[in-house]
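J.: Following the numbering used here, the numbering of the sequence shown begins with 11 at its first residue and continues without gaps. Glycine included, C-beta positions come from ideal geometry on N, C-alpha and C. These numbers were taken from a predicted model, which means no experiment stands behind them.
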Amino acid sequence: MRLKALVRAGAAIAVVMTTPAVAATRAQILTTMKRASEFMVDKASIHGGYVWSMLPDMSRRWGEMEAYPTMIWVQPPGTGTMGHLFLDAYHATGDDYYYQAATKAADALAEGQLPSGGWHYFIDFGGPASTAKWYATIGKNAWRLEEFQHYWGNATFDDAGTSEAMQFLLRLYVEKHDAKYLPPLQKALNFVLKSQYPNGGWPQRYPATKFPYIDHGKPDYTSFITFNDDVAGENIRFLIQYYQVTGDTRVLDPIRRAMDIYVKTQQPAPQAGWGLQYTVDLKPSGARTYEPTAIVTHTTYANIEQLLSFYRLTGDPKFLAGVPAALDWLDSVKSPPELDKDGKTYPTFLEIGTNKPMYVHRRGSNVVNGEYYVDGNPANTLGHYSSFRHLDVPKLRREYEELKATPPEVASKDSPLKATGRRPLDRYYLTDMGAGSDRNADLAANSPDALVETLNAAGWWPTELKMTSHLYTHDGSKKVVSGDYSTTRVGDETDTSPYLDPKPVVGISTGTYIAHMETLIAALGDAK
Numbered sequence: 011m012r013l014k015a016l017v018r019a020g021a022a023i024a025v026v027m028t029t030p031a032v033a034a035t036r037a038q039i040l041t042t043m044k045r046a047s048e049f050m051v052d053k054a055s056i057h058g059g060y061v062w063s064m065l066p067d068m069s070r071r072w073g074e075m076e077a078y079p080t081m082i083w084v085q086p087p088g089t090g091t092m093g094h095l096f097l098d099a100y101h102a103t104g105d106d107y108y109y110q111a112a113t114k115a116a117d118a119l120a121e122g123q124l125p126s127g128g129w130h131y132f133i134d135f136g137g138p139a140s141t142a143k144w145y146a147t148i149g150k151n152a153w154r155l156e157e158f159q160h161y162w163g164n165a166t167f168d169d170a171g172t173s174e175a176m177q178f179l180l181r182l183y184v185e186k187h188d189a190k191y192l193p194p195l196q197k198a199l200n201f202v203l204k205s206q207y208p209n210g211g212w213p214q215r216y217p218a219t220k221f222p223y224i225d226h227g228k229p230d231y232t233s234f235i236t237f238n239d240d241v242a243g244e245n246i247r248f249l250i251q252y253y254q255v256t257g258d259t260r261v262l263d264p265i266r267r268a269m270d271i272y273v274k275t276q277q278p279a280p281q282a283g284w285g286l287q288y289t290v291d292l293k294p295s296g297a298r299t300y301e302p303t304a305i306v307t308h309t310t311y312a313n314i315e316q317l318l319s320f321y322r323l324t325g326d327p328k329f330l331a332g333v334p335a336a337l338d339w340l341d342s343v344k345s346p347p348e349l350d351k352d353g354k355t356y357p358t359f360l361e362i363g364t365n366k367p368m369y370v371h372r373r374g375s376n377v378v379n380g381e382y383y384v385d386g387n388p389a390n391t392l393g394h395y396s397s398f399r400h401l402d403v404p405k406l407r408r409e410y411e412e413l414k415a416t417p418p419e420v421a422s423k424d425s426p427l428k429a430t431g432r433r434p435l436d437r438y439y440l441t442d443m444g445a446g447s448d449r450n451a452d453l454a455a456n457s458p459d460a461l462v463e464t465l466n467a468a469g470w471w472p473t474e475l476k477m478t479s480h481l482y483t484h485d486g487s488k489k490v491v492s493g494d495y496s497t498t499r500v501g502d503e504t505d506t507s508p509y510l511d512p513k514p515v516v517g518i519s520t521g522t523y524i525a526h527m528e529t530l531i532a533a534l535g536d537a538k
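Below, the structure written as structure tokens:
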């Protein structure tokens, strides 16, 4: 799930929603939207919050991992995403029902906001004992999801959960200026400002872990400056939005320093890319055990995109200066044709100093006896974290050349950072859905009349739940279970990591609901 790319756009540009051919009437669309929403609000939500998917009888629920009945998910497409959807629906219909549904999502997020002002991946209304039990069983045994194997008691910027929650709270507050939502919004703002390092970067998690850090013998990467999963970019987006609607000049220096960290951390030519993360003294670092210390192609591509957007925001040519060298480096490391992996023509990880590809593998059968390792063999690499990437470098080069030829004052003329007055936020946020970590959402294009017809009697769109997980029964053992788990998403029966179900059951998907609702919202303008 992605919000509209405000940073890339460089301004609060109105959303252009592609409207499909419409056969259903406006009344049918509105009725379908309301029925589907009433099911989600009245039946699927917990304390106003949501998980990603669930069985029809709701006996099992999942976010990125299996969730207890007392849990909601913050990580998109979770509770904040649903809040954005409800505000989109409110703007499209004028029906106060959707605004009230948005406030319920906001209340759930406010209740689960940590004292620091940020959020964890999920909120467990069952309390600390319930969370501790989940981590000691389900979380502990998720072989590939190392970020869930321990609970550090702090908030995370990973996977846009905290950033989406605070962007939603900002959007909800400015809608009607309900004073109820100002304290959690200000708390979130203070969290972003306080957690930023003086050099402009943000750690993945904050504050520092309360407990001794344990992660397969590696250093505490959660305290390192993080580009992975667009941590810095999402925080910049929130601060720009906050400035846009409040004019609060306190956020301008943090925005500037955050942009500058992209320039500071670019490595020198001829290896002019970026790593996933950096130590506080700006040395590239790895993260999870299948993310080695390296220069990383997809991170480099994403950071080039950010630099181009920063030029649109500021008109400062320093943000374009390092782009040609980064593009040249990407061109230099493209894989030979025989290593084309379904159009993925770039290795993910390149060794610092040599540019040799680093391919990631694993052996064993579960979190106890399994391990990840790196070598130069491109065969039999991980299935859950690709050693190869698809990157459209020519497209990025064309965009750079166009911007280079654009005068600074022209490129940045619509920037919210240069506006003389306050500017409203966009009326619509969820213009498209991306799979992200949720593999159950049905994102296929559907006509409005098909959506009207396929909403079932209970009020949900039947969706194949392609991802499932083993029920926790006992911890993994030191004994390796026979079988080849080197490329699978899951190990033996003790591994609680989600995996692709060969015989998926039909169930309820929050992502499907969001995608279908956005299709119906887009259709309202042309419906009779």
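1. Please specify which runs of the beta strand (DSSP E), each continuous and at least 3 residues long, are wholly inside the stretch 123-186, giving them in chain order.
2. For residue 533, which of helix, strand or coil comes out of DSSP?
3. What's the C-alpha gap between residue 321 and residue 269?
4. For residue 170, which residues of its own chain have a beta-carbon under 6 angstroms away from its beta-carbon, when the five flanking residues on both sides are left out?
5. Could you tell me the boundaries of the alpha helix (DSSP H) in which residue 478 lies?
6. From 33, 37, 349, 54, pick the residue whose C-alpha is nearest to that of residue 521; which is it?
7. Rounded to the nearest angstrom, what separates residue 167 and residue 241 at their Cα positions?
8. Going by alpha carbons, who is nearest to residue 6 out of 209, 351, 217?
9. In whole angstroms, what separates the C-alpha of residue 515 from that of residue 65?
10. When we look at the beta-carbon of residue 200 and count the other beta-carbons within 10 Å, is it buried (16 or more) or exposed?
11. Buried or exposed: residue 294, going by 16 or more other Cβ atoms within 10 Å of its Cβ?
12. Rounded to the nearest angstrom, what separates residue 452 and residue 523 at their Cα positions?
13. In the DSSP assignment, find the beta strand (DSSP E) that holds residue 351 and state where it starts and stops.
14. With DSSP collapsed to three states, give me the class of residue 503.
15. Among the candidates 238, 409, 160, 111, whose CA atom is the shortest distance from the CA of residue 178?
16. On a CA-only basis, which of 90, 252, 159, 141 is nearest residue 432? Give me that one, please.
17. Contact between the stretch 399-410 and the stretch 352-363 is defined here as three or more beta-carbon pairs at a separation below 8 angstroms; is this criterion met?
18. How big is the Cα-Cα spacing for residue 325 and residue 238?
19. Can the beta-carbon of residue 83 be found closer than 8 angstroms to that of residue 135?
20. Does the stretch 364-381 come close enough to the stretch 487-507 that 3 or more CB-CB pairs lie under 8 angstroms?
21. Which first and last residues belong to the beta strand (DSSP E) in which residue 270 is found?
22. Thinking C-alpha only, which one of 180, 340, 160, 526 is nearest residue 436?
23. Tell me which residues share the same chain as residue 526 and place their Cβ nearer than 6 angstroms to its Cβ, disregarding the 5 neighbours each side in the sequence.
24. Between 140, 366, 390, which has its C-alpha nearest residue 81's C-alpha?
25. Less than 8 angstroms between the beta carbons of residue 465 and residue 45, yes or no?
26. When the Cα atoms are used, what is the spatial distance from residue 378 to residue 143?
27. Secondary structure at residue 334, three-state DSSP: helix, strand or coil?
28. State the Cα-Cα distance for the pair residue 117 and residue 153, rounded to the nearest angstrom.
29. Do the stretch 306-316 and the stretch 279-287 make contact, defined as three or more Cβ pairs closer than 8 angstroms?
T.: Straight from the coordinates:
1. 132-134
2. The sequence position of residue 533 within the sequence shown is 523, counting from 1. If DSSP states are grouped into helix, strand and coil, residue 533 belongs with the helices.
3. Start at 1 with the first residue of the sequence shown, and residue 321 comes out as number 311. Start at 1 with the first residue of the sequence shown, and residue 269 comes out as number 259. Answer to the nearest angstrom: the Cα atoms are 10 angstroms apart.
4. Indexing the sequence shown from 1 puts residue 170 at position 160. Once the five neighbours on either side are set aside, the close Cβ partners of residue 170 are 86, 244.
5. On the sequence shown, residue 478 is found 468 positions in, with the first residue counted as 1. No alpha helix (DSSP H) contains residue 478, which is instead part of the beta strand (DSSP E) from 473-478.
6. Within the sequence shown, the letter at position 511 stands for residue 521. Among 33, 37, 349, 54, the Cα nearest to that of residue 521 belongs to 54.
7. Numbered from 1 along the sequence shown, position 157 holds the residue referred to as residue 167. Numbered from 1 along the sequence shown, position 231 holds the residue referred to as residue 241. Rounded to whole angstroms, residue 167 to residue 241 spans 6 angstroms at the Cα level.
8. Limits of the chain in this structure are 11 at one end and 538 at the other, which puts residue 6 out of reach.
9. The count along the sequence shown starts at 1 and reaches residue 515 at position 505. The count along the sequence shown starts at 1 and reaches residue 65 at position 55. Our two residues, residue 515 and residue 65, have alpha carbons roughly 8 angstroms apart in a direct line.
10. Within the sequence shown, numbered from 1, the residue matching residue 200 stands at position 190. Classification for residue 200: exposed.
11. For this step, residue 294 is matched to residue 284 along the sequence shown. The residue in question, residue 294, is buried, as its Cβ has 16 or more Cβ neighbours within 10 Å.
12. Taking the first residue of the sequence shown as position 1, residue 452 is located at position 442. Taking the first residue of the sequence shown as position 1, residue 523 is located at position 513. When rounded, the distance between both Cα atoms is 9 angstroms.
13. In the sequence shown, residue 351 corresponds to position 341, counting from 1. Counting along the chain, residue 351 falls outside any beta strand (DSSP E), and DSSP gives it neither H nor E.
14. The count along the sequence shown starts at 1 and reaches residue 503 at position 493. Three-state DSSP puts residue 503 in coil, outside helix and strand.
15. Within the sequence shown, numbered from 1, the residue matching residue 178 stands at position 168. Here the closest residue by C-alpha is 111.
16. For the purposes of this step, residue 432 is taken as the residue at position 422 of the sequence shown. Here the closest residue by C-alpha is 252.
17. Enough Cβ pairs lie closer than 8 angstroms, so yes.
18. Within the sequence shown, numbered from 1, the residue matching residue 325 stands at position 315. Within the sequence shown, numbered from 1, the residue matching residue 238 stands at position 228. Residue 238 has its alpha-carbon roughly 26 angstroms from the corresponding atom of residue 325.
19. For the purposes of this step, residue 83 is taken as residue 73 along the sequence shown, with counting starting at 1. For the purposes of this step, residue 135 is taken as residue 125 along the sequence shown, with counting starting at 1. No.
20. yes
21. For the purposes of this step, residue 270 is taken as residue 260 along the sequence shown, with counting starting at 1. That residue, residue 270, is in no beta strand (DSSP E); its alpha helix (DSSP H) goes 262-275.
22. Taking the sequence shown and counting its residues from 1, one reaches residue 436 at position 426. Considering only alpha carbons, the answer is 180.
23. Taking the sequence shown and counting its residues from 1, the one referred to as residue 526 is at position 516. Same-chain partners within the cutoff: 461, 471.
24. Translated into positions along the sequence shown, residue 81 becomes position 71. Nearest option by C-alpha distance: 140.
25. On the sequence shown, residue 465 is found 455 positions in, with the first residue counted as 1. On the sequence shown, residue 45 is found 35 positions in, with the first residue counted as 1. Yes; because the gap between Cβ atoms is below 8 angstroms, this pair is in contact.
26. In the sequence shown, counting from the first residue as 1, residue 378 sits at position 368. In the sequence shown, counting from the first residue as 1, residue 143 sits at position 133. Computed Cα separation, rounded: 18 angstroms.
27. Position 324 of the sequence shown, counted from the first residue, corresponds to residue 334. Here residue 334 sits in helix by DSSP.
28. Taking the first residue of the sequence shown as position 1, residue 117 is located at position 107. Taking the first residue of the sequence shown as position 1, residue 153 is located at position 143. Those two C-alpha atoms are separated by around 33 angstroms.
29. yes
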